[in-house]
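> In the numbering used here, the protein residues as written are 31 to 220.
Idealized CB from N, CA, C, for every residue including glycine.
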Amino acid sequence: MKGDEIMGIKIQTTSNDLILIRKVRNDDAKQYIELINFVWRDAYKNIFPEDVFIDREREKENRIKDFSEKFYNDNKRLCYVAECNGVIVGAINGTIKSTYEHFLEDDFADLVALYINPNYQGKGIGTKLKDIFEEWARKNGAKKYIIGVLKDNNNARRIYESWGGKLDNWEQKFYKLGVGYDEVFYRYNL
31 MKGDEIMGIK IQTTSNDLIL IRKVRNDDAK QYIELINFVW RDAYKNIFPE DVFIDREREK
91 ENRIKDFSEK FYNDNKRLCY VAECNGVIVG AINGTIKSTY EHFLEDDFAD LVALYINPNY
151 QGKGIGTKLK DIFEEWARKN GAKKYIIGVL KDNNNARRIY ESWGGKLDNW EQKFYKLGVG
211 YDEVFYRYNL
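In structure tokens, the structure reads:
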């Protein structure tokens, strides 16, 4: 994505925050991991026990250290962040090919993760990040994609449905600290 890459997009939110959306950089590691941990604690507070959040915090330094190896942009993977006043308030990552066995045969792209700081939700940042993923997936040959979500994460599910996602009939378990939580999947056409 050299010549036609999406980079440095500025959007004005409904509350007049100026948000810069750009590709993730190695020096974003700490803020990126902290954002994910913060969003997890908010989104899953009524789903996961406290031990899950403590475990994520305990692994924070390792995740930061491994960050540059795991998140980068090419024609198979995408990772963008949204920042406001130099602080990362949103992030997205995805792959051009899903690793879920159920979706391999139909060649689905996968919007793996979308995180928006709760203080910035409802301002259009998630939708803009999703649009960037869709454009990237199309340019790299995808015709459809999926988003996996915990079945009990009703807030995220409402958003994915508002984006036109169709609930797939396949479910699987998402394991944290040995406990399985139901995960469902939304399908989208590009």
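Taking only runs that begin and end inside the segment 90-134, name each unbroken alpha helix (DSSP H) of 4 or more residues, in chain order.
For the segment 90-134, whole alpha helix (DSSP H) runs of length 4 or above, ordered along the chain, are 90-100, 131-134.
> Excluding the 5 residues preceding and the 5 following Q61 in the sequence, name in chain order all residues of the same chain whose CB lies nearer than 6 Å to its CB.
Counting from 1 along the sequence shown, the entry for residue 61 is found at position 31. Excluding positions up to five away in sequence, the list reads I118.
> Any contact between the segment 133-145 and the segment 157-173? By contact I mean 3 or more CB pairs, one from each, below 8 Å.
Yes, the segment 133-145 is in contact with the segment 157-173.
> Among A112, E89, D47, D96, which has the Cα closest to the Cα of L207?
In the sequence shown, the residue the question calls residue 207 occupies position 177. Residue E89 is the option with its Cα nearest to L207.
> Classify L144 as helix, strand or coil using the three-state DSSP reduction.
Counting from one through the sequence shown, the residue named residue 144 turns up at place 114. Reduced to three states, the DSSP call for L144 is strand.
> Quick test of your reading: I177 and Y216, contact by CB under 8 Å. State the CB separation rounded to the nearest angstrom.
Stepping through the sequence shown from its first residue, residue 177 is reached at position 147. Stepping through the sequence shown from its first residue, residue 216 is reached at position 186. That pair is a contact at about 5 Å.
> Look up I155 in the DSSP assignment and say whether it is helix, strand or coil.
Locating residue 155 in the sequence shown gives position 125, where the first residue counts as 1. I155 falls in the helix class under three-state DSSP.
> For V179, which residues in the same chain have their Cβ closer than 8 Å to its Cβ, ignoring the five residues on either side in sequence?
Translated into the one-based positions of the sequence shown, residue 179 becomes position 149. Counting only Cβ-Cβ distances below 8 Å, and skipping sequence neighbours, we find A186, R187, Y190, E213, V214, F215, Y216.
> I'd like to confirm the pairing. Which residues does DSSP put opposite I176 in its beta bridges?
Along the sequence shown, read from residue 1 onward, the residue named residue 176 stands at position 146. Paired residue(s): D140, R217.
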